[in-house]
């Protein structure tokens, strides 16, 4: 399949060769959507499927969430989870969207919780942290991170206070059509 894959690789190569164009720039977006390559590669879709550089809407929860925001005209950034979720980085945004990230490390969970407790807004789509990673061990917790943080199982579209912030839960997001 040389079509879309080849174009995607050419596009990425073009941008990599001109990285200095983007040095020192900063986004004005107030919304961030979390993306985890670990989650996509190991927990979404067919685990035996060939790894791809470009986004595959059938496998990527991130792509579906980003597509909905784009159709609404909402500027947003992609926050790559594996680069770290520092309080400073998260605090730049009015809202963080977590599109069904199953695998969340203890450090990532703590960063998100601190962000919300300090006044941030979290839109959690689907299960947040249905698999957690503590050091090198993966485990399936007894309850979701949202239930752990708030003390109760989240209800769809209900806003829940956590410290100074708000968490809203949506069981899933659909785009209506593949992008």
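Numbering (this note's numbering), first residue to last: 976 to 1154.
Quick reminder that beta carbons are idealized off the backbone N, C-alpha and C, glycines included.
Check                                                                                                   : Outcome
Residue 1054 versus residue 1141: straight-line alpha-carbon distance, rounded                          : 19 Å
Pairwise C-alpha distance: residue 1068 and residue 1002                                                : 10 Å
Counterpart residues of residue 1225 in DSSP-defined beta bridges                                       : This structure leaves residue 1225 out entirely; the chain is present only between 976 and 1154.
Proximal residues to residue 1074 (C-beta, below 6 Å), its chain only, five neighbours per side dropped : 1036, 1037, 1040, 1100
Residues sharing a beta bridge with residue 1098, DSSP                                                  : 1072, 1143
Option in 1087, 997, 1136 with minimal Cα separation from residue 1007                                  : 1087
Cα-Cα separation between residue 1050 and residue 1044, rounded to whole angstroms                      : 7 Å
Neighbour-count burial assignment, residue 1085, 16 or more Cβ in a 10 Å radius                         : exposed
Where residue 1123 falls: helix, strand or coil (DSSP)                                                  : helix
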